[in-house]
Amino acid sequence: MTQKVHDDFPNVGERLSKGHKFDMTTNIFDKLPEIFVNEIFDGAVQIYGRQNNERLLKYVHEDYIKVPENFDKYKVILPKSNGSGAIGEVLSTPLIGEPLIGHTQTFLSIGCLDTEFEGNSLLKYIKTKFARTLLGVLKTTQDNKKSTWKYVPYQDFTVNSDIDWSQSVADIDRQLYKKYDLSTEEIAFIESKVREME
9 MTQKVHDDFP NVGERLSKGH KFDMTTNIFD KLPEIFVNEI FDGAVQIYGR QNNERLLKYV
69 HEDYIKVPEN FDKYKVILPK SNGSGAIGEV LSTPLIGEPL IGHTQTFLSI GCLDTEFEGN
129 SLLKYIKTKF ARTLLGVLKT TQDNKKSTWK YVPYQDFTVN SDIDWSQSVA DIDRQLYKKY
189 DLSTEEIAFI ESKVREME
């Protein structure tokens, strides 16, 4: 959130937590319903969040938010809290975030990509057993914060990549096993312990 929202709506500060008056908190849709609305208007951008246990998009004036580096790029948006921390668990419905779509702190985003193809490639990568196994090294609770992705190697998601992203997730896993020279035992472990994601 920017200072402009506080200037235009002087009473919003008293509805926000102390020390978080510029944060797009998980419950911001409920706290500021006059600012995050359902109908599109001139100067509006979309924000992905949760309200009443449901994922949804709301509109907010672009001058009221501080945009991250990947705001006008393709990215993958996924819940910041997911599962229990068990190795290889399924991630709750990640989705492609198109340019000019942001999100509340309920979610995190990965990637700063130029094309929809790259966004789809990243989404497939996140669904691989390979990536989720490496995520599981540091993700030992439901918290899916940025630091838990430390051991997941970032890839080239373009058509020029050494991975053929047009393939199925299972085929991409096989390419990754080969790229990173995994042993038969390592592959068997991953294939037996990690659940598939469609």
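In this note's numbering, each residue carries its 1-based index in the sequence shown increased by 8.
Every residue gets a Cβ at the ideal spot worked out from N, C-alpha and C, and that includes glycine.
Can you find the residues in the same chain that come closer than 6 Å, C-beta to C-beta, to residue i, ignoring five residues on each side of it along the sequence?
| i | result |
| --- | --- |
| residue 58 | 114 |
| residue 65 | 54, 56 |
| residue 135 | 177, 205 |
Please report the residue range of the beta strand (DSSP E) in which residue i lies.
| i | result |
| --- | --- |
| residue 197 | From DSSP, residue 197 is part of no beta strand (DSSP E) but of the alpha helix (DSSP H) over 192 to 201. |
| residue 67 | 62 to 69 |
Measure the C-alpha to C-alpha separation of residue i and residue j and round it to an integer number of angstroms.
| i | j | result |
| --- | --- | --- |
| residue 68 | residue 128 | 26 Å |
| residue 32 | residue 142 | 29 Å |
| residue 26 | residue 191 | 52 Å |
| residue 97 | residue 90 | 9 Å |
| residue 124 | residue 80 | 12 Å |
| residue 78 | residue 119 | 7 Å |
| residue 133 | residue 153 | 18 Å |
| residue 73 | residue 195 | 44 Å |
With residue i as the anchor, note down where its alpha helix (DSSP H) starts and where it stops.
| i | result |
| --- | --- |
| residue 12 | 11 to 16 |
| residue 158 | Note, residue 158: premise wrong, no alpha helix (DSSP H); not H, not E. |
| residue 177 | 177 to 187 |
| residue 81 | Premise fails: residue 81 is in no alpha helix (DSSP H) and is neither H nor E. |
| residue 208 | There is no way to answer for residue 208, as the model of the chain reaches only from 9 to 206. |
| residue 39 | 36 to 39 |
For residue i, I'd like the list of residues in its chain whose CB is within less than 8 Å of its CB, leaving aside the five on either flank, ordered along the chain.
| i | result |
| --- | --- |
| residue 199 | 137 |
Got a sec: does the ligand SAH put a non-hydrogen atom nearer than 7 Å to the Cβ of residue i?
| i | result |
| --- | --- |
| residue 79 | Among the components of this structure there are no ligands whatsoever, and the ligand SAH is therefore not found. |
For residue i, collect the residues of the same chain with a Cβ closer than 7 Å to its Cβ; drop the 5 residues on either side in sequence, then sort them by chain order.
| i | result |
| --- | --- |
| residue 104 | 82, 84, 127, 128, 131 |
Subject >> In chain order, each beta strand (DSSP E) run of at least 3 residues that lies wholly inside the region 104 to 152 >> reply: 109 to 111, 115 to 121
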